[in-house]
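Novice:
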Amino acid sequence: MVCLGNICRSPLAEGIMRHKARTAGLHWEIDSAGTGSWHVGEPPHRLSQKTALHYGVDISSQRGRQFHASDMERFDVIFFMEESNRRDAQAMARHTWNDAKARLLLNEVTPGANEPVPDPYYGTEEDYHHVFRLISTACDAFIARQLNA
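Note that numbering that gives the first Met the number 0 has the sequence shown beginning at 0, numbered continuously upward.
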């Protein structure tokens, strides 16, 4: 799960996917990162943590990290919150990049639409809830496809 700073969207996505995968009995390695380095080592944004807890997902132990080229080899699928995150990561991982692994998260719900998960960083608490619901729906769709494959 990759966004810009790894404190709002991607920590939510990591927590949601981990929670849903465990509930489905799946043993996946799930992680998140940001393309920027501003928040390396920091916990998720307080509203991301508060929103996640509201839905029964605890992301308080997560710490920000920056996307690394080796992530393309380490993971089977990498979800990006928006196209600019995908482009930035591609520039960072020129020699390891794999288009087949790099997906926009909301394309799991509306294939090919390339819609971004909105960045709630400067938004309201309701914006964080909206983002949580979008990510949750996309994670449900991905897991359902994996279970039916």
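C-beta atoms are modelled at their ideal positions from N, C-alpha and C, and glycine is treated no differently.
In this text, all values refer to a predicted model and were calculated from it rather than measured experimentally.
Among the candidates I134, Q48, H128, Y54, whose CA atom is the shortest distance from the CA of I6?
Specialist: Here the closest residue by C-alpha is Q48.
Novice: For F141 and chain C, any beta-carbon pair shorter than 8 Å?
Specialist: You won't find chain C in this structure, because it holds only one protein chain.
Novice: Let me check one thing: in DSSP terms, what residues is I77 bridge-paired to?
Specialist: In DSSP, I77 forms a bridge with A101.
Novice: Below 8 Å between beta carbons: does that hold for L3 and G40?
Specialist: Not closer than 8 Å, so no.
Novice: Which one of E125, K19, E13 has the shortest CA to CA distance from L30?
Specialist: A small fix is needed here, since residue 30 is Asp in this sequence, not Leu. The shortest C-alpha separation from D30 is found at E13.
Novice: As a quick exercise: from I142, F131, P43, pick the residue whose alpha carbon is nearest that of G55.
Specialist: That would be F131, whose Cα lies nearest to the Cα of G55.
Novice: Tell me whether Q61 sits in a helix, a strand or coil according to DSSP, three-state version.
Specialist: Of the three classes helix, strand and coil, the one that applies to Q61 here is coil, per DSSP.
Novice: Tell me which same chain residues have a C-beta within less than 7 Å of the C-beta of W96, skipping the five on either side of it?
Specialist: Cβ within range, chain order: M71, Q89.
Novice: Tell me whether the beta-carbon of Y121 lies closer than 8 Å to the beta-carbon of L46.
Specialist: The answer is no: Cβ separation not under 8 Å.
Novice: Quick check for students: name the residue ranges of the alpha helix (DSSP H) that lie wholly in the region 7-41, counting only runs of 4 or more.
Specialist: You should have 8-22.
Novice: Looking only at its chain, what residues have a beta carbon closer than 6 Å to the beta carbon of G158, apart from the 5 residues adjacent to it on each side?
Specialist: The question about residue 158 has no answer here: the residues shown for the chain are numbered 0 through 148.
Novice: If F78 and R102 are in contact, beta carbons under 8 Å, what's the gap, nearest whole angstrom?
Specialist: Sure, about 6 Å apart at Cβ, within 8 Å.
Novice: So, using beta-carbon positions, are P117 and I58 closer together than 8 Å?
Specialist: It is not a contact, given that the beta carbons lie outside the stated cut-off.
Novice: By the 10 Å Cβ neighbour count, where 16 or more other Cβ atoms means buried, how is Q145 classified, buried or exposed?
Specialist: So Q145 ends up on the exposed side.
Novice: Please state whether DSSP places V116 in a helix, a strand or coil.
Specialist: DSSP places V116 in coil when its eight states are reduced to three.
Novice: Report the three-state DSSP secondary structure of V130 (helix, strand or coil).
Specialist: In the structure shown, V130 sits in a helix (DSSP, three-state: H, G or I).
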